[in-house]
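So the structure is just underneath, and the comments pick up after that.
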Amino acid sequence: MDKTYGSAADAVADIPDGATLAVGGFGLSGVPVTTIRALLERGVSGLEVVSNNCGVDGWGLGELLAAGRIRRVIASYIGENKEFARQYLGGEVEVELTPQGTLAERLRAGGVGIPAFFTATGAGTAVSDGGMPNRYAPDGSVAEESAPKELRPFDVFGSVREYVLETAIRTDFGLVRAAVGDRHGNLRFEKSTRNFNPLAGMAGRVTIAEVDQLVEPGVLGPDDIHLPGIYVDRVIALTPEQSADLPIEKVTVRPRSEGA
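So the number in our numbering is just where the residue sits in the sequence shown, counting from 1, plus 74.
Right, dumping it as structure tokens:
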């Protein structure tokens, strides 16, 4: 039951080229950057990544993106990453844009064995009608666009409206970052890092968790566990230096008042 690995390099040693990855994090919060860097060092390429966004320039998934290791991204947000936008508009990477809540539910559905679900989000828009550019050609024209999705009317609380069918997401690997984890893989996330991390962990067939603090089984109470160990296969204990690598996305300051 001891799921700990000696290093991130050992934990990612069997991730092949072309693997699909569900990656936790939101902006710079809760990003499994040590595991991402181990993948970068290993040299795998042709990756398909499912994440809320694709990191920022020079950090997180942005490091894999800048190295040309990512082939396709399923995400809800492109902003804050100029390289991501450049590669998308230049036809170097394929992007499937998905509403944020829908993306979260697609990951959760994959983790609990629900193959598809209907949602009102995106019904009657390009999300359901198709035509969103998944890939651009180098000349700026659309090389591949999204296909239409099934719509079905439902009577919900006396109001009939259309809902769009969305399919679940299941990936080869899940990469997550937790504040505390035990040797059985039970995880607790800190505040806003509990965003896409539990969902990415559920969606991966093999999930790798890097943790700021490793504790023994039984230390985490049942109510403190945000992702149970049944979903987690490998645990990496971060060093203090690795845990402290938490850049600020946007620094905002104000002038000091007189005499401060």
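Built from N, CA and C at the ideal position, the CB exists for glycine as well.
Quick caveat, the model's predicted, so the values are computed rather than measured.
Can you list, in chain order, the residues of its chain with a C-beta nearer than 6 Å to that of residue i? Leave out the 5 residues immediately preceding and following it.
i    : result
E154 : V130
T94  : E122, T245 and D246
G205 : E219
N127 : A149 and Y151
Taking just the CA atoms, how far does residue j sit from residue i?
i    : j    : result
A83  : A112 : 5 Å
G198 : F228 : 14 Å
L261 : V285 : 8 Å
V118 : R328 : 43 Å
G142 : L225 : 36 Å
R336 : G165 : Examination of residue 336 is not possible in this model, given that the chain is present from 75 through 334 alone.
D319 : F270 : 19 Å
G275 : E137 : 21 Å
V124 : L171 : 10 Å
G70  : V86  : A question about residue 70 goes unanswered here, because the residues of the chain that appear run from 75 up to 334.
V254 : V293 : 10 Å
V289 : F192 : 40 Å
K324 : G101 : 11 Å
T109 : Q161 : 23 Å
F263 : A283 : 11 Å
Between which two residues does the beta strand (DSSP E) carrying residue i extend?
i    : result
F192 : A190 to T193
I148 : I144 to A149
G278 : G278 to V289
V169 : E168 to L171
For residue i, which of helix, strand or coil comes out of DSSP?
i    : result
G255 : strand
D297 : helix
G248 : strand
N127 : coil
T267 : helix
R330 : coil
E218 : strand
P321 : coil
D88  : coil
S81  : coil
S119 : coil
E224 : coil
T94  : strand
V201 : helix
Return no unless some Cβ of chain B is closer than 7 Å to the Cβ of residue i.
i    : result
A159 : Looking for chain B here will not work: only one protein chain is present.
Identify, in the order they occur along the chain, each residue of the same chain with its Cβ nearer than 7 Å to the Cβ of residue i, setting aside the five sequence neighbours on each side.
i    : result
I188 : A242
G175 : T195
Less than 6 Å between the CB of residue i and some heavy atom of the ligand FMN, yes or no?
i    : result
C128 : Of the ligands one can find in the structure shown there are none, so the ligand FMN has no counterpart to examine.
Exposed or buried, what is residue i when buried is set at 16 or more other beta-carbons lying within 10 Å of its beta-carbon?
i    : result
P207 : buried
S215 : exposed
E240 : buried
R330 : exposed
P222 : exposed
R251 : buried
E236 : exposed
D298 : exposed
F231 : exposed
Excluding five sequence neighbours on each side, which residues of the same chain lie with their C-beta closer than 8 Å to the C-beta of residue i?
i    : result
G132 : A140
E218 : E168, P207, N208 and R209
With respect to the alpha helix (DSSP H) encompassing residue i, which residues constitute its N-terminal and C-terminal limits?
i    : result
S233 : S233 -> not in any alpha helix (DSSP H); beta strand (DSSP E) instead, spanning S233 to T241.
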